[in-house]
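In the numbering used here, the protein residues as written are 119 to 935.
Set out below in structure tokens:
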């Protein structure tokens with residue numbers, strides 16, 4: 119479709135473009151750094167121009183050499199197409215482009231020329247798709263625009279080249295910004311924005327641009343100011359080159375200008391600067407410490423304290439470090455209060471774990487840099503932005519433990535951060551960890567119950583399901599009853615019985631119940647209700663709340679959720695919707711909220727949701743609508759575990775967003791399979807409490823849930839629940855078991871086991887069977903043709919010890935003379 123649409127508006131004939139533009143005068147010459155976003159592209163352009171000039175001069179050897187040099191720089195197809203447009207626009211070598219095409223068609227090009235022609239052909243198609251995507255979006259033909267944008271994105275275009283293309287026309291970016299929430303083209307628009315962000319990051323980190331501006335620091339005052347501004351835009355990526363220049367004797371004339379410019383990069387420079395303090399070059403280290411002091415942010419304090427408290431630190435470094443630390447403290451920040459380096463690293467780790475905004479990576483970008491000093495060089499390791507804070511938290515904990523191996527809090531925090539890191543990483547890669555890095559469970563289990571309980575205590579306070587589930591699983595595998603329920607150490611697990619996330623509550627209850635505690639503990643009264651909740655999950659449970667002031671607009675989303683097995687509550691207002699959820703559903707798996715909600719507005723509504731314990735960790739998806747998409751984007755970026763889709767978006771996008779958010783939050787969908795397993799686990803836990811006649815918990819408190827489970831379709835759950843009901847033994851429980859056993863439609867094998875469960879109930883608690891059920895039992899014993907069922911029924915009859923001569927009646931009934 120996109121090809122047909124494009125052909126009606128844009129001519130594919132290069133010749134007509136050339137004839138139109140050939141008379142244009144060449145543009146004013148500019149340097150590569152000025153005209154192109156990345157310096158390497160300027161070098162590519164020089165090779166491209168030389169190759170075209172050789173084509174025009176009919177010098178095949180020279181063109182092959184120039185094109186070979188260009189190919190060595192890995193030009194993208196879209197970059198090639200932009201070069202062609204620029205060449206045609208300038209006019210000077212426009213005829214050479216036509217000759218290149220003619221030579222390609224005639225088979226006259228050598229290997230490098232052929233490859234250039236192939237790249238150019240692919241790039242022209244990408245350029246056409248981009249151009250038509252924007253054009254048809256601007257005229258409201260979103261279906262055609264989407265087809266073109268999708269084809270472009272599927273081709274994985276060069277992010278920097280695409281950004282250059284977009285910025286050539288002032289209206290292109292605003293057009294995209296207006297369509298972020300469009301139900302047809304919105305997903306593609308958001309993917310294009312991701313490419314823009316990648317392009318911007320590539321530009322910031324471009325080595326040639328950075329070196330060019332470092333060299334210009336030694337120029338005129340105007341050049342110094344302009345280059346300092348450019349280096350500040352490059353931020354952290356400029357620091358490795360700055361260090362190289364400071365260590366290069368041939369660049370000595372630039373030392374003072376660089377030292378003046380470095381503090382103006384400000385906070386973005388701190389992460390690489392503090393990592394570089396591990397260098398052995400004391401003179402350069404002193405310069406870096408001076409800059410850190412002038413920048414003045416407290417995240418540098420642990421690194422300075424480590425130097426000051428190291429007996430091997432030279433005096434000149436100690437003096438510089440004291441001065442820098444004094445400057446940081448003078449600014450009055452209280453982020454770091456500890457006097458020891460170990461304590462300061464732990465405080466910084468806490469700040470990273472709490473997602474302190476002053477430390478976080480740019481949330482607009484997909485990836486972030488983690489800096490290391492390795493092999494006498496400052497290098498960065500690229501990681502997903504989502505796990506940057508967790509990785510830095512773990513690094514700070516490691517530094518704290520190296521300085522104070524006996525400290526417990528840093529190890530517990532490391533365990534918690536590692537659980538969170540792994541969950542948010544999803545299918546991404548954490549290259550800061552070695553190949554074959556063990557699972558978070560390995561480290562938690564190795565640390566033991568004390569540290570897992572500390573991590574769980576943190577998770578309960580933070581309403582963090584990821585860490586809570588990880589810690590509980592480790593406790594279940596390693597801890598005994600004493601660690602789990604006795605003394606203050608066991609309190610976090612007991613507190614987890616009131617956790618807002620359903621699965622955390624259930625896992626905590628199962629762990630505590632299997633420990634079979636013989637004394638009451640804090641919050642013990644919630645154990646049986648939570649086990650009852652788990653028993654009711656045999657069919658699965660997925661619940662959603664949809665808040666949209668325009669109910670009709672949310673129908674598509676609600677229908678998609680219901681089709682996936684969700685029970686969906688809807689409301690036009692935030693407060694009314696939340697109240698429905700409180701009174702109707704035991705838990706929510708997701709809250710969807712339209713960006714145009716009012717009274718309260720979107721930001722206030724999400725704040726209210728997060729302030730309520732029950733919903734503090736629930737994934738939130740904002741349904742972005744036209745006119746409020748910017749607000750939606752800002753709220754999503756500022757929040758935790760919040761996603762965004764366009765109102766009326768494709769169901770697949772909804773599923774993908776929900777799966778990502780649920781995984782990052784540690785929320786697990788209660789599918790029928792998982793629900794059945796949890797119900798069975800709960801039934802088995804209740805059976806343990808019943809068999810041991812636990813003095814704290816009475817399984818009769820779960821009777822209603824047990825009866826419901828006995829009537830489920832899951833055979834294992836039914837049988838185990840019936841077994842437990844046998845220990846309850848009252849009239850309702852015996853009647854529920856008998857109802858299944860006496861039903862001729864019940865499979866024979868199940869009927870036999872239910873009769874045995876009825877016999878168990880009678881042995882435990884005596885006969886409580888209603889009279890009508892007793893009569894039906896006698897009839898089966900007298901008339902049933904299946905002798906296996908008949909014998910099972912007889913066992914139940916004997917255990918029930920019905921009044922009267924029932925056995926005699928049976929003997930007399932079979933009398934034949």
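Built from N, CA and C at the ideal position, the CB exists for glycine as well.
Work out the CA separation of residue j and residue i for me, nearest whole Å.
i           : j           : result
residue 612 : residue 538 : 22 Å
residue 762 : residue 776 : 10 Å
residue 460 : residue 199 : 55 Å
residue 540 : residue 830 : 36 Å
residue 890 : residue 846 : 21 Å
residue 549 : residue 496 : 16 Å
residue 673 : residue 508 : 38 Å
residue 403 : residue 431 : 11 Å
residue 867 : residue 700 : 41 Å
residue 449 : residue 513 : 26 Å
residue 791 : residue 664 : 26 Å
residue 745 : residue 751 : 12 Å
residue 333 : residue 409 : 19 Å
residue 870 : residue 595 : 36 Å
residue 265 : residue 502 : 29 Å
residue 421 : residue 258 : 55 Å
residue 146 : residue 163 : Note on residue 146: pLDDT 33, under 50, position unreliable in the model; the coordinate value appears next. In a straight line, the C-alpha of residue 146 is about 15 Å away from that of residue 163.
residue 465 : residue 760 : 27 Å
residue 330 : residue 566 : 54 Å
residue 804 : residue 840 : 11 Å
residue 712 : residue 401 : 57 Å
residue 439 : residue 488 : 23 Å
residue 562 : residue 570 : 6 Å
residue 547 : residue 555 : 11 Å
residue 327 : residue 268 : 32 Å
residue 412 : residue 360 : 16 Å
residue 937 : residue 802 : Because the chain here runs from 119 to 935, residue 937 falls outside it and cannot be looked at.
residue 920 : residue 878 : 15 Å
residue 296 : residue 232 : 41 Å
residue 282 : residue 158 : 14 Å
Please classify residue i: is it buried, with 16 or more other beta-carbons within 10 angstroms of its beta-carbon, or exposed?
i           : result
residue 677 : exposed
residue 708 : buried
residue 314 : buried
residue 560 : exposed
residue 191 : exposed
residue 832 : buried
residue 915 : buried
residue 358 : buried
residue 620 : buried
residue 905 : exposed
residue 193 : buried
residue 787 : buried
residue 308 : buried
residue 243 : buried
residue 223 : exposed
residue 861 : exposed
Kindly identify the DSSP beta-bridge partner or partners of residue i.
i           : result
residue 762 : 740
residue 492 : 495
residue 688 : 664
residue 710 : 664, 739
residue 502 : 485
residue 788 : 659
So residue i packs on residue j, CB below 8 Å; how close in whole Å?
i           : j           : result
residue 463 : residue 511 : Residue 463 to residue 511, Cβ: 10 Å. No contact.
residue 284 : residue 197 : Their Cβ separation, rounded to whole angstroms, is 14 Å, which puts residue 284 and residue 197 out of contact at 8 Å.
residue 917 : residue 894 : Residue 917 to residue 894, Cβ: 16 Å. No contact.
residue 657 : residue 645 : About 23 Å; that fails the 8 Å criterion.
residue 515 : residue 528 : 4 Å
residue 81  : residue 639 : Residue numbering for the chain in the displayed model covers 119 to 935; residue 81 lies beyond these limits and cannot be assessed.
Is it the case that the region 167-175 contacts the region 212-222, given that we only count it when at least three CB pairs across the two stretches are under 8 Å?
yes
Taking 8 Å as the cut-off, does the region 371-390 touch the region 341-359 (at least 3 CB pairs, one atom from each stretch)?
yes
With three or more C-beta pairs closer than 8 Å as the rule, is the region 686-697 touching the region 649-659?
No contact exists between the region 649-659 and the region 686-697.
Report yes or no: do the region 239-254 and the region 204-215 share at least 3 C-beta pairs separated by less than 8 Å?
These segments do not touch.
Check whether the region 731-740 touches the region 580-588, counting contact only when three or more Cβ pairs, one atom from each stretch, lie closer than 8 Å.
yes
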